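Visitor: Counting along the sequence shown from 1, when you hit position 75 you're at 1524 in this note's numbering, and nothing is skipped either side.
C-beta atoms are modelled at their ideal positions from N, C-alpha and C, and glycine is treated no differently.
Predicted, not measured: the structure shown is a model, and the values here were computed from it.
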Amino acid sequence: IAGAQLFMWCYNAPVNAILVNSVSSGLRVRAFALSILLIHVLGDAISPPIVGVISRVTGDLHLGLLLVPVTMLLSGIVWAVGWRVLPDGTPEVRPGASA
């Protein structure tokens, strides 16, 4: 269980680094706030009702719970693809740039 938790939450540091490196300093606070809001709204707030609806409609709680790791895998693929197209960073965080 500890290993699963480690891998489930290890995305936080890279996501925060991406936010810091790709958002101008004047918008960083809003970007972090929006990131946290979307993580909760699209993740832990909506997932239990979705699992409940799937288990109620199909009569199979196992199927509803099985979709959780599948969606986590899809999310990882989306992040991996997104990481490949990110710019190098904002001018104020590039080495040698004046702030």
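1) Using a Cβ-Cβ cutoff of less than 6 Å, which residues in the same chain neighbour residue 1513 once the five nearest sequence positions on both sides are dropped?
2) For residue 1507, which residues from the same chain have a beta carbon less than 8 Å from its beta carbon, with the 5 sequence-adjacent residues on both sides left out?
3) Which residue marks the beginning of the alpha helix (DSSP H) containing residue 1453, and which one marks its end?
4) Considering Cα atoms alone, identify which of 1495, 1494, 1468 is closest to residue 1482.
5) What three-state label does DSSP hand residue 1548 in the structure shown?
6) Compare the beta carbon distance of residue 1471 and residue 1535 with 9 Å and say whether it is the shorter of the two.
Guide: This is what the structure gives:
1) Sequence index remark: in the sequence shown, residue 1513 carries index 64 (1-based). Cβ neighbours of residue 1513 beyond the five flanking positions: 1500, 1503, 1504.
2) Locating residue 1507 in the sequence shown gives position 58, where the first residue counts as 1. Counting only Cβ-Cβ distances below 8 Å, and skipping sequence neighbours, we find 1513.
3) As a position in the sequence shown, residue 1453 is number 4, starting the count at 1. Looking at the DSSP string, the run of the alpha helix (DSSP H) that includes residue 1453 is 1451-1458.
4) As a first step, residue 1482 is located in the sequence shown; it is residue number 33 there, counting from the start. Out of 1495, 1494, 1468, 1468 has the C-alpha closest to the C-alpha of residue 1482.
5) As a position in the sequence shown, residue 1548 is number 99, starting the count at 1. Any reading at residue 1548 needs caution, since the residue's pLDDT is 49, under 50, leaving its predicted position unreliable; the model's value is listed next. DSSP places residue 1548 in coil when its eight states are reduced to three.
6) Here residue 1471 is taken as the residue at index 22 of the sequence shown, counted from 1. Here residue 1535 is taken as the residue at index 86 of the sequence shown, counted from 1. Yes; because the gap between Cβ atoms is below 9 Å, this pair is in contact.
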